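Here the structure is laid out as structure tokens; the discussion comes afterwards.
Numbering (full-length UniProt numbering), first residue to last: 1 to 139.
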């Protein structure tokens, strides 16, 4: 199940998120899939909520059971402002999921040009390969 903080993050509720953080809600509590409030915010374009969670100490490189991070969620869902917030927090650009995919690969296959460019500017490996030998260009 989800915590109140997860619900607030998912629903882009910045004021509620801050109230819960002030009440010391756990920022890295995970749901049954291993997702955190930051991952939920990242997938829904709430950069203000993402920044609040980061400021409260949320782990930017926490991975789900399948290996996804908040940066991967942002890249997959075309969330440029959240991508920048995570990059500013030094999120790992070449963290891999269970299939060997990186945020850049997800941006190339599902995201936007702006997200892919942001990741490349942050140093994402353009020639990193998945377990099948695919690169971001092949996505």
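Glycine included, each C-beta is placed from N, C-alpha and C at the ideal position.
Keep in mind the model is a prediction, meaning the values are calculated, not measured.
If you follow the alpha helix (DSSP H) that residue i is in, where does it begin and where does it stop?
| i | result |
| --- | --- |
| residue 37 | 37-42 |
| residue 6 | 4-10 |
So, with DSSP's three-state summary, where would you put residue i?
| i | result |
| --- | --- |
| residue 24 | coil |
| residue 49 | helix |
| residue 128 | coil |
| residue 58 | coil |
| residue 134 | coil |
| residue 13 | coil |
| residue 117 | helix |
| residue 19 | helix |
Item to check | Contained alpha helix (DSSP H) runs [length at least 4] in the segment 61-115, N- to C-terminal order | outcome: 70-76, 80-88, 103-110
Checklist entry - Is there contact between the segment 57-64 and the segment 77-84, where contact requires at least three CB pairs shorter than 8 Å? => result Contact between the segment 57-64 and the segment 77-84 is absent, because fewer than three Cβ pairs lie under 8 Å.
Next on the checklist: Any contact between the segment 66-74 and the segment 20-28? By contact I mean 3 or more CB pairs, one from each, below 8 Å.
Outcome noted: no
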